[in-house]
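**Q** Numbering (the numbering used here), first residue to last: 4 to 160. For every residue, glycine included, the Cβ atom is placed at its ideal position computed from N, Cα and C. If you're wondering where the values come from, they're calculated on a predicted model, not measured in any experiment.
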Amino acid sequence: MARRSSANLCALCVSAVRLPPPVLEIRKYTTGKKIFRKFRRPPVLLSMKRRQFLLGTILSRGLFSETRGFDVEIMEVFAVSGGGSALLVHHGDTASRAEFARWLHVHNRSEVRCQLPHGRTVRGQIFRLKMCFGRGLLLTGERVDVQPKGKIRIEIE
4 MARRSSANLC ALCVSAVRLP PPVLEIRKYT TGKKIFRKFR RPPVLLSMKR
54 RQFLLGTILS RGLFSETRGF DVEIMEVFAV SGGGSALLVH HGDTASRAEF
104 ARWLHVHNRS EVRCQLPHGR TVRGQIFRLK MCFGRGLLLT GERVDVQPKG
154 KIRIEIE
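1. Which residue comes first and which comes last in the beta strand (DSSP E) that contains E163?
2. What's the gap between the Cα of E158 and the Cα of G95?
3. Are the CB atoms of I155 and V83 nearer to each other than 9 angstroms?
4. Quick check: what's the CA-CA separation for Q150 versus R138?
5. So, using beta-carbon positions, are L132 and L140 closer together than 9 angstroms?
6. Which of the three DSSP states, helix, strand or coil, is assigned to E102?
7. Along the chain, where does the beta strand (DSSP E) containing H93 start, and where does it finish?
8. What residue range does the beta strand (DSSP E) around T97 cover?
9. State the Cα-Cα distance for the pair K152 and I61, rounded to the nearest angstrom.
10. Should F73 go down as buried or exposed, given a rule of 16 or more other Cβ atoms within 10 Å for buried?
And the structure:
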């Protein structure tokens, strides 16, 4: 049996929903000498089986394909005066660029665990930079000794 991606399954669920053809109802209102026309569409009723609904909600959340963490490349390192660090990060390799951007969009302001190259683990919080596609700002509570162009692993807590 061929394995289908979650996007294909969601498309199958949506295509199984039967929508009635659109009908416009025109009503004429008269106030004095002017005639007003009001266009109104009837409400759309969906006919969907319980299994299709549940499959669609599960797959739309990404429970089957959600990635818990990524290897990211450090672009800039900033030392914060309170003893912490701020890291500007982006995707670790070009193959994961779009997936990392989606992950950042979903997990904006999330608590993360950072696995540094020498084995130390640091907790922090990641923020998505809105004007920079696929880039995040990682704030840690303690000083991190890493260099730009280095790679770290971040995972959701």
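**A** If we stick to the structure as given:
1. No information on residue 163 is available, as it lies outside the stretch 4 to 160 that the chain covers here.
2. Using only the alpha carbons, I get a separation of about 14 angstroms.
3. Not closer than 9 angstroms, so no.
4. The straight-line gap separating the alpha-carbon atoms of Q150 and R138 is approximately 17 angstroms.
5. In this structure, L132 places its C-beta atom within 9 angstroms of the C-beta atom of L140.
6. DSSP, reduced to helix, strand and coil, places E102 within a helical segment of the structure shown.
7. Looking at the DSSP string, the run of the beta strand (DSSP E) that includes H93 is S88 to H94.
8. Note, T97: premise wrong, no beta strand (DSSP E); not H, not E.
9. One C-alpha to the other measures close to 37 angstroms.
10. So F73 counts as buried.
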